[in-house]
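K.L.:
Here's a structure for you.
Numbering (the numbering used here), first residue to last: 5 to 647.
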């Protein structure tokens with residue numbers, strides 16, 4: 005038995021090797037390989053151990069739209085980013101500290117994100133001639149000098165994994181599939197992580213397949229032992245625990261937070277929940293997640309198409325149920341007619357739109373913020389609806405509650421705009437006390453005397469919500485215009501004008517019901533950065549850095565996009581320039597300009613920044629913003645801004 009084989013077969017090897025430990029404030033790691041290499045699982049498990057170690061963690065998975073692209077090709081690369089820190093963090097890093105690649109394609113697609121001098125862990129078994137050809141390499145990067153700027157650690161991961169799991173009797177194919185846990189073991193050792201939590205998870209996950217559980221545990225331990233005995237690394241890295249607000253935490257993605265928010269809204273309203281949707285990336289996980297909560301009275305429908313999903317939601321709201329649907333990009337287009345129907349019927353429906361790259365089928369697994377104008381104006385006729393947008397994965401929970409609060413109080417559909425970044429990214433989240441969440445109790449109309457479905461709350465203009473079948477409250481709702489007094493069908497122009505103005509005024513009155521704007525930084529300054537949605541994380545991180553360096557910059561993040569909060573115009577007027585970074589060509593900027601043009605005048609006549617990289621959420625967005633400001637915050641060249 006060779007010196008390499010010995011530690012692979014041992015249960016564990018003492019980690020007390022004379023290798024120094026370096027303390028880091030933060031680190032960023034990416035696992036990359038084929039879409040079948042288990043990179044998402046590997047990253048998820050390392051983030052879980054980092055949370056258990058007390059770090060603040062934020063993650064960002066990236067995967068191809070193809071169900072299974074040809075193995076080893078550029079189109080099939082899947083990756084998982086995570087940043088860990090001893091302080092609070094809000095976005096993944098601009099550059100990576102450690103990059104783990106399982107094949108040449110993963111190297112080619114991700115090398116540009118590794119910082120100079122960063123650690124590059126390579127599965128050297130996958131760099132054969134055929135692998136290089138599929139990754140479009142003309143020469144082997146391990147021999148060409150292309151990697152000289154990095155600390156390269158070549159490990160024959162495939163061979164060592166097969167040797168480690170040999171005793172289990174697994175087939176070659178199943179044995180190779182364990183290599184992700186070998187690589188995880190190496191990184192666990194590098195960052196001074198215990199294997200106990202991961203080992204326990206494997207044994208629980210594969211408890212019905214003991215041979216698979218044993219093989220994965222053996223591969224994990226083998227990677228850890230290999231890192232100890234071969235001394236390939238000059239140091240180990242320890243990221244101390246972060247000092248975070250006290251509370252009980254769990255790691256949560258945006259889609260999970262949406263789902264839990266819906267369940268919490270059901271509990272706080274006392275109404276059963278109906279979620280109806282058609283599967284579409286990246287919103288499908290909401291349906292999968294909510295299907296697990298039948299014990300809370302949650303009902304889920306996988307509809308045959310987007311129109312059916314929206315229509316069944318409308319019918320459920322008519323029946324007195326807490327109704328919500330979910331979709332992404334193209335699905336919002338298909339739902340638009342039915343959303344207009346909900347506006348006309350004045351029913352409380354919540355639409356969760358997880359934005360993705362477009363138009364058309366576009367980039368199904370990539371993030372964009374290009375549906376804002378569609379959410380605000382993408383229906384025929386005058387059909388205004390409130391539009392909200394969460395800032396972080398955890399904030400998705402609270403924005404669902406806010407959406408239901410507005411929908412129930414004002415009897416209107418509400419659209420919530422997330423995106424693929426928030427949907428799949430995760431962060432530590434304090435589990436709230438349900439009893440401390442907003443009271444969403446609705447008072448159904450029960451008095452038949454002088455009843456009309458058009459009777460309204462004089463403060464909110466929300467109409468009465470009467471449950472079908474209630475004696476004396478029989479009524480019809482539909483898509484035809486209604487008499488402003490009786491609720492009966494009415495085609496008169498004068499009545500239609502009154503109803504158009506009424507529906508518009510109802511949304512405008514929401515302004516008085518919104519929290520005040522919160523500025524980050526001085527109320528008067530040289531520059532104000534205005535953000536919405538997932539741009540919050542990169543922008544907030546950069547603004548903190550710039551403010552620490554003494555730059556005269558403030559930040560305003562908007563979670564309510566229609567209607568805007570009060571005094572927005574007054575806030576904007578206190579700054580010489582306004583910067584609006586968003587993942588589109590300026591949709592929030594144009595909306596703000598149209599809304600506040602008379603206040604702002606020529607000072608805000610052109611957008612000063614028109615978007616972050618649509619195809620990659622997070623990395624380098626902060627670099628653009630910093631460079632933009634430090635260069636004098638003039639308008640950047642479009643190519644540079646979106647490179």
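Glycine is no exception: its CB is placed at the ideal position from the N, C-alpha and C atoms.
(1) Is DSSP giving residue 608 helix, strand or coil here?
(2) So what's residue 613 in DSSP terms, helix, strand or just coil?
(3) Kindly indicate the opening and closing residues of the beta strand (DSSP E) around residue 278.
(4) To the nearest angstrom, how far is the alpha carbon of residue 376 from that of residue 514?
(5) Could you tell me the distance, in whole angstroms, from the CA atom of residue 298 to the CA atom of residue 430?
(6) Using the three-state DSSP reduction, which class does residue 155 fall into: helix, strand or coil?
(7) Can you find the residues in the same chain that come closer than 8 Å, C-beta to C-beta, to residue 445, ignoring five residues on each side of it along the sequence?
(8) Out of 108, 61, 304, state which residue places its alpha-carbon closest to the alpha-carbon of residue 247.
(9) Using 8 Å as the cut-off, can you tell me whether the stretch 207–216 makes contact with the stretch 75–82, which would need three or more C-beta pairs spanning the two stretches below that distance?
(10) What three-state label does DSSP hand residue 23 in the structure shown?
(11) Which of helix, strand or coil does DSSP assign to residue 379?
(12) Just to confirm, are residue 99 and residue 43 a CB contact at a threshold of 7 Å?
(13) Name the residue from 396, 413, 436 whose alpha carbon lies nearest to the alpha carbon of residue 422.
(14) Alpha carbon to alpha carbon, how far is residue 157 from residue 305? Give it in angstroms, no decimals.
(15) With a CB to CB cut of under 6 Å and the five nearest residues on each side skipped, what residues in its chain are close to residue 245?
(16) Should residue 428 be labelled buried (16 or more other beta-carbon atoms within 10 Å of its own) or exposed?
(17) For residue 387, tell me which candidate among 344, 177, 411, 560 has the shortest Cα-Cα distance.
(18) Can you tell me the Cα-Cα spacing of residue 321 and residue 416, whole angstroms?
(19) When the Cα atoms are used, what is the spatial distance from residue 114 to residue 366?
(20) Evaluate residue 24 with the Cβ neighbour count: other Cβ atoms within 10 Å of its Cβ, from every protein chain shown; 16 or more gives buried, anything less gives exposed.
(21) Out of 260, 565, 108, 227, which has the shortest C-alpha to C-alpha gap to residue 79?
(22) Threshold first: 3 residues or longer. Then list the beta strand (DSSP E) segments lying entirely within the stretch 224–255, N to C.
(23) To the nearest angstrom, how far is it from the Cα of residue 355 to the Cα of residue 233?
(24) What does residue 561 pair with, by DSSP beta-bridge criteria?
(25) Check whether the stretch 113–132 and the stretch 87–94 are in contact - that is, three or more C-beta pairs closer than 8 Å.
(26) Is it right to say residue 165 is buried, meaning 16 or more other beta carbons lie within 10 angstroms of its own, or is it exposed?
(27) Start and end of the alpha helix (DSSP H) containing residue 31?
(28) My assumption, with CB atoms under 8 Å, is that residue 452 sits in contact with residue 476. Please give the rounded CB distance.
(29) By the DSSP assignment, the beta strand (DSSP E) with residue 64 in it spans what residues?
(30) When the Cα atoms are used, what is the spatial distance from residue 161 to residue 221?
(31) Name, in chain order, the residues that DSSP records as bridge partners for residue 331.
(32) Between the alpha carbons of residue 279 and residue 340, how many angstroms are there, rounded?
(33) Would you identify the three-state DSSP class for residue 489, choosing helix, strand or coil?
(34) Comparing C-alpha positions only, which one of 254, 338, 174 sits nearest to residue 315?
(35) Quick check on the DSSP output: the beta strand (DSSP E) that includes residue 306 runs from which residue to which?
(36) Which residues mark the beginning and the end of the alpha helix (DSSP H) in which residue 190 is found?
P.N.:
From the atom records:
(1) With a pLDDT of only 33 at residue 608, under 50, the local geometry of the prediction cannot be trusted, and no value is derived from it.
(2) A caution first: residue 613 carries a pLDDT of 31, below 50, which makes its placement in the model unreliable, though a value can still be read off. DSSP places residue 613 in coil when its eight states are reduced to three.
(3) 277–281
(4) 19 Å
(5) Between the C-alpha atoms of residue 298 and residue 430 there is a straight-line separation of about 24 Å.
(6) Residue 155 falls in the strand class under three-state DSSP.
(7) 272, 273, 274
(8) 61
(9) no
(10) coil
(11) helix
(12) no
(13) 396
(14) Looking at the two C-alpha atoms, the distance is approximately 49 Å.
(15) 58
(16) Result: buried.
(17) 344
(18) 11 Å
(19) 22 Å
(20) Looking at its Cβ environment, which holds fewer than 16 other Cβ atoms inside 10 Å, residue 24 is exposed.
(21) 108
(22) 240–242
(23) 54 Å
(24) 535
(25) no
(26) buried
(27) Per DSSP, residue 31 belongs to no alpha helix (DSSP H); it is in the beta strand (DSSP E), 30–38.
(28) 3 Å
(29) Here the beta strand (DSSP E) through residue 64 covers 60–66.
(30) 15 Å
(31) 357
(32) 18 Å
(33) coil
(34) 338
(35) 302–306
(36) 183–194
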